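Below is one structure, written out as structure tokens; the observations come after it.
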Amino acid sequence: MAKEGGGHAQFITGADRMQMVVICRTMAPLSGNLFSQVSSPGKVLSLYPSNEYEVLPNGSEAHWEVVERILFIYAKLNPGIAYVQGMNEIVGPIYYTFATDPNSQWKEHAEADTFFCFTNLMSENRDNFIKSLDDSQCGITCKMESVYSMLKDKDLELYLRMEEQNIKPQYFTFRWLTLLLSQEFLLPDVIRIWDTLFSDEDQFHFLILVCCAMLILIRDNLLVGDFIVNMRLLQDYPISDVHTILTKAKELQGNS
């Protein structure tokens with residue numbers, strides 16, 4: 001199945017479907033064994049022993065299979081973007097939120113609700129996953145440069161230090177922005193960040209603010225570290241208190 005997007009997207013072949021399966025199965029550690037639980041069509045989700053190789057009860061399926069189906073159907077319905085690695089990191093927190101809802105009536109429709117929300121989110125975020133748009137005004141390159149532009153405005157000393165060390169925004173902000181920080185924090189913290197992010201009128205501008213806040217909060221380390229040390233900090237962000245990060249982002253927003 002052909003589609004635009006070059007190196008970002010992939011053809012949906014049998015091999016790609018298998019890759020989607022593998023990726024979805026690797027999501028289990030993020031969700032506290034959510035994807036080792038099972039779902040029965042038309043029934044409330046139920047817990048099941050976490051041994052992924054055990055035979056599931058008739059009419060039941062593992063949660064990773066539900067996520068795989070959501071991604072596969074999305075790819076089929078959107079051939080212009082298809083499936084791009086990393087989409088699983090975006091759909092995961094959405095599905096987790098619905099699938100663990102204490103209200104059994106909401107939980108029962110977790111798959112359909114997740115597909116609806118994921119599709120709506122991707123309608124605003126899809127340009128990040130289309131390679132042919134990378135260097136356009138709406139592409140990911142422009143957004144990565146926006147982080148440094150904001151940093152230059154908010155903390156010139158830190159900006160100059162990172163420029164001096166030739167630490168380009170592509171080295172770390174690509175993952176931060178395309179995956180909405182879903183790989184940088186534990187799942188409950190990701191949900192907390194997304195709650196604030198999606199409630200903002202200009203949510204993707206606020207994401208830039210959050211990324212800038214993350215840099216400023218570790219400025220002391222970045223100013224004294226060399227290239228290797230600083231890259232390790234940026235690839236494995238050391239601050240786990242997302243409230244501190246969001247507070248800083250709101251402060252930057254207020255000073256804009």
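Residue numbers (UniProt numbering): 1 to 256. Just so it is clear, CB atoms sit at the ideal spot from N, CA and C, and this is done for glycine as well. Computed from a prediction, not measured in an experiment: that's the story for all the values here.
- Under the criterion of beta carbons closer than 8 angstroms, GLN253 and PHE206 qualify as touching, at roughly 7 angstroms.
- Between VAL190 and LEU181 the beta-carbon gap is near 7 angstroms, inside 8 angstroms, which marks them as a contact.
- Per the DSSP secondary-structure output, ALA249 pairs with nothing in a beta bridge.
- In the structure shown, ALA82 falls within a coil segment according to DSSP collapsed to helix, strand and coil.
- Residue burial annotation: SER240 is exposed, with fewer than 16 other C-beta atoms found within 10 angstroms of its C-beta.
- The C-beta distance from GLY225 to LEU233 rounds to 7 angstroms, short enough to meet the 8 angstroms contact threshold.
- The beta carbons of PHE115 and ILE70 sit closer together than 8 angstroms.
- Two segments are said to touch when three or more pairs of C-beta atoms, one from each, lie closer than 8 angstroms; by this definition the stretch 80 to 98 touches the stretch 190 to 204.
- Annotation for PRO188: the continuous alpha helix (DSSP H) segment containing it runs 187 to 199.
- For the pair HIS243 and LEU217, the Cα-to-Cα distance works out to about 12 angstroms.
- The three-state reading of DSSP puts GLU184 in coil, since its state is none of H, G, I, E or B.
- For GLU164, no pairing in a beta bridge is given by DSSP.
- Note that the C-beta distance between GLN183 and GLU124 is not below 8 angstroms.
- With distances taken between CA atoms, CYS212 lies nearest to LEU158 out of LEU158, LYS107, CYS142, LYS131.
- Annotation note: the stretch 85 to 114 contains the following uninterrupted alpha helix (DSSP H) runs of length 4 or greater, listed N- to C-terminal: 87 to 99, 104 to 108.
- If you compare the alpha carbons of MET150, ASN103, ASN230, ALA110 with that of ASN166, the shortest gap goes to ASN230.
- Under the DSSP assignment, ASN221 falls in the alpha helix (DSSP H) whose first and last residues are 219 to 224.
- Here the alpha carbon of GLN85 sits roughly 21 angstroms from the alpha carbon of ALA62.
- In this structure PHE174 is in contact with MET144, their Cβ atoms being roughly 6 angstroms apart against a cut-off of 8 angstroms.
- Inclusion of ARG126 and LEU223 in the CB contact set at 8 angstroms is not warranted, their separation being larger than that value.
- By the neighbour-count criterion, in which a residue is buried when 16 or more other Cβ atoms sit within 10 angstroms of its Cβ, ALA112 is exposed.
- Between the alpha carbons of SER60 and HIS109 lies a distance of about 15 angstroms.
- For ASP155, no alpha helix (DSSP H) segment is defined, and its DSSP state is neither H nor E.
- In the DSSP secondary-structure assignment, ALA213 is not bridged to any residue.
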